[in-house]
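Undergrad: Got a structure for you, questions after.
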Amino acid sequence: MNDHVPAALPGFAVNSVNLASAGLGAKGISVTDEFFAPLERMLADAPAVFIEDKYDDNGKWMDGWESRRKRVLGHDHAVVRLATAGRIDGFDVDTSHFTGNYPPAARIEACNVAGDPDDATVWTEVLGTSPLGPSAHHYFASTSTEVFTHVRLHIYPDGGVARLRVFGQPYLDPARVGDGDIELSSSLNGGRIIGFSDAHYGAYHRLLAPGRGLNMGDGWETSRRRVPGNEWIVIALGARGNLSGAIVDTAFYKGNFPDSCSIQAADMSDFGTDAKDAIITASMFWPELIGQQKLKADHIHDLSAHIADIGPVTHVRLNVFPDGGVSRIRLTGRIA
571 MNDHVPAALP GFAVNSVNLA SAGLGAKGIS VTDEFFAPLE RMLADAPAVF IEDKYDDNGK
631 WMDGWESRRK RVLGHDHAVV RLATAGRIDG FDVDTSHFTG NYPPAARIEA CNVAGDPDDA
691 TVWTEVLGTS PLGPSAHHYF ASTSTEVFTH VRLHIYPDGG VARLRVFGQP YLDPARVGDG
751 DIELSSSLNG GRIIGFSDAH YGAYHRLLAP GRGLNMGDGW ETSRRRVPGN EWIVIALGAR
811 GNLSGAIVDT AFYKGNFPDS CSIQAADMSD FGTDAKDAII TASMFWPELI GQQKLKADHI
871 HDLSAHIADI GPVTHVRLNV FPDGGVSRIR LTGRIA
């Protein structure tokens with residue numbers, strides 16, 4: 571357990587999508603050295619862990635990217651392809667569990683290229699050289715508002731980084747979107763969770779991830795409700811739009827799927843991104859987009875035929891009765 575997580579997260583860590591999420595498709599492209607721990611671990615979605623007695627052929631097993639001790643001039647760096655092109659708002663350079671082997675400083679550059687960068691690529695500095703400490707989350711704002719596809723993390727001179735989070739807003743390319751329907755709830759299109767009643771099990775942010783769930787831990791699951799009422803989760807769509815399609819998937823939830831669900835929605839364009847609490851409170855009174863529908867175990871439910879015409883919306887609230895697990899929700903429509 572890392573005791574160095576700040577009590578109040580910066581706005582970009584709450585209101586943005588982690589573009590460096592391996593679960594969304596981010597990938598390590600190149601690295602100068604990964605002797606102790608591979609680059610791919612640094613992009614994992616789950617918080618870093620420390621396993622006391624776990625060792626491999628090269629030494630202590632660490633959950634993150636770790637280079638060997640440098641004995642020559644220079645420093646280590648790694649290139650990451652983001653899950654999707656987007657504007658970068660800020661970073662979390664997390665050194666959890668790296669106590670005597672963390673880098674004293676880091677710097678980050680970014681680029682926007684088709685394919686992957688090469689020797690001719692022009693990089694833009696988005697975070698100047700900044701100090702790091704042992705076993706802590708380090709939040710830094712980006713210095714650029716441009717759209718990027720890759721980041722390059724420099725560590726000085728060597729050491730380990732448990733996780734790199736690149737918080738930002740996916741870029742909805744008008745040429746790609748066109749006039750057709752897109753998945754407005756998808757994290758890759760800017761959809762994000764802004765609140766929920768309970769998320770005891772699983773990984774709630776995976777509710778908006780691509781593909782079907784991989785197992786029972788790959789989705790939003792509540793604890794067993796022991797009082798009257800029901801559980802809910804509120805989602806900000808990637809763009810204001812008119813919804814025409816709705817899928818609720820209970821993949822792998824067999825003895826713990828909700829009995830039923832409903833969806834409410836509203837246009838909250840007049841509320842800023844920092845008005846999360848007000849939006850969540852207002853969600854109790856939003857009109858129904860889809861009335862209460864029965865659900866089945868481990869099943870893809872297409873509820874599109876039940877969508878009411880309530881006009882353009884920016885947020886939705888998924889209600890489950892009384893509790894249980896949902897692997898994915900997919901809400902499609904046209905940008906208004």
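Residue 798 in the numbering used here is what sits at position 228 of the sequence shown, and the numbering runs on without skipping anything.
In this text, a Cβ means the ideal position worked out from N, Cα and C, and glycines have one as well.
Owing to the predicted nature of the structure, the values given are computational and were not obtained by experimental measurement.
1. Could you tell me which whole beta strand (DSSP E) segments of length 3 or greater appear in the region 670 to 725?
2. Let me check one thing: in DSSP terms, what residues is T902 bridge-paired to?
3. Pick out whichever of N682, I905, Y709, Y672 has its Cα sitting closest to the Cα of A607.
4. Going by DSSP, what residues sit across from G772 in a beta bridge?
5. Quick one: Cα of G825 to Cα of K866, how far?
6. Where does S897 sit, in a helix, a strand or coil, going by DSSP?
7. Give every residue of the same chain whose Cβ lies closer than 8 angstroms to the Cβ of Y625, excluding the five residues on either side of it in the sequence, and list them in chain order.
8. Taking the beta carbon of V692 as the centre, do at least 16 other beta carbons fall within 10 Å, making it buried, or is it exposed?
9. Taking the beta carbon of S839 as the centre, do at least 16 other beta carbons fall within 10 Å, making it buried, or is it exposed?
10. For M612, count neighbouring Cβ atoms within 10 angstroms of its own Cβ and tell me buried if that reaches 16, exposed if not.
11. Of the choices S793, S755, T792, G772, whose alpha-carbon is the least far from that of A779?
12. Would you grab the beta carbon distance between A675 and V721 for me? Rounded to a whole angstrom, and I think it's under 8 angstroms.
13. Report the partner residues of G656 according to the DSSP bridge assignment.
14. Within 8 angstroms, do at least three Cβ pairs link the region 747 to 767 to the region 804 to 819?
15. Grab the span of the beta strand (DSSP E) containing F891 for me, first residue to last.
16. Which of the three DSSP states is assigned to I850 in this structure?
17. Could you check the C-alpha separation between G842 and Y709 for me, to the nearest Å?
18. How many angstroms separate the CA atom of G760 from the CA atom of Y741?
19. Using alpha carbons as the reference points, say which of G787, D872, D751, R735 lies closest to G634.
20. Between the beta-carbon of R912 and the beta-carbon of Q739, is there less than 8 angstroms?
21. Quick check on the DSSP output: the beta strand (DSSP E) that includes A835 runs from which residue to which?
22. Do the CB positions of R677 and T699 come within less than 8 angstroms of each other?
23. Measure the Cβ-Cβ separation of A653 and A596 and say whether it is below 8 angstroms.
24. Going along the chain, which residues of its own chain have a beta-carbon closer than 8 angstroms to the beta-carbon of A769, five neighbours each way excluded?
TA: Let me lay it out:
1. 675 to 681, 694 to 701, 707 to 711
2. In the sequence shown, counting from the first residue as 1, residue 902 sits at position 332. E753, G815, per the DSSP bridge assignment.
3. For the purposes of this step, residue 607 is identified with residue 37 of the sequence shown, where counting begins at 1. Comparing Cα-Cα distances from A607 to each of N682, I905, Y709, Y672, the minimum goes to Y672.
4. Taking the sequence shown and counting its residues from 1, one reaches residue 772 at position 202. According to DSSP, which records beta bridges pairwise, G772 is partnered with W790.
5. Against the sequence shown, residue 825 aligns to sequence position 255. Against the sequence shown, residue 866 aligns to sequence position 296. Between G825 and K866, the C-alpha separation is close to 10 angstroms.
6. Position 327 of the sequence shown holds residue 897. Three-state result, S897: coil.
7. Sequence index remark: in the sequence shown, residue 625 carries index 55 (1-based). Result list for Y625: W631, in chain order.
8. Walking along the sequence shown from the start, residue 692 turns up at place 122. Result: exposed.
9. Position 269 of the sequence shown, counting from 1, holds the residue named residue 839. Exposed: under 16 other Cβ atoms inside 10 Å.
10. Here residue 612 refers to the residue found at position 42 when the sequence shown is read from its first residue. So M612 counts as buried.
11. Reading the sequence shown from its first residue, position 209 is the one you call residue 779. The option with the nearest alpha carbon to A779 is S755.
12. Indexing the sequence shown from 1 puts residue 675 at position 105. Indexing the sequence shown from 1 puts residue 721 at position 151. A675 to V721, Cβ: 16 angstroms. No contact.
13. For this step, residue 656 is matched to residue 86 along the sequence shown. According to DSSP, which records beta bridges pairwise, G656 is partnered with F718, P740.
14. yes
15. Your numbering for residue 891 matches position 321 in the sequence shown. Element bounds for F891: 883 to 891.
16. Here residue 850 refers to the residue found at position 280 when the sequence shown is read from its first residue. Note: I850 maps to helix in three-state DSSP.
17. The residue you call residue 842 lines up with position 272 of the sequence shown. The residue you call residue 709 lines up with position 139 of the sequence shown. Taking the straight line from one Cα to the other gives about 22 angstroms.
18. As a first step, residue 760 must be located in the sequence shown, where it is residue number 190. As a first step, residue 741 must be located in the sequence shown, where it is residue number 171. Their Cα atoms are separated by approximately 8 angstroms.
19. One-based indexing of the sequence shown puts residue 634 at position 64. Considering only alpha carbons, the answer is R735.
20. Shown here, the chain extends from 571 to 906; a query on residue 912 therefore has no answer.
21. Counting from one through the sequence shown, the residue named residue 835 turns up at place 265. 830 to 836 is the span of the beta strand (DSSP E), which, as asked, contains A835.
22. Translated into positions along the sequence shown, residue 677 becomes position 107. Translated into positions along the sequence shown, residue 699 becomes position 129. Yes, Cβ-Cβ distance for R677 and T699 is below 8 angstroms.
23. Numbered from its first residue, the sequence shown carries residue 653 at position 83. Numbered from its first residue, the sequence shown carries residue 596 at position 26. Yes, the Cβ-Cβ distance between A653 and A596 is below 8 angstroms.
24. By 1-based counting over the sequence shown, the position of residue 769 is 199. These residues qualify, in order along the chain: W790, E791, T792, I803.
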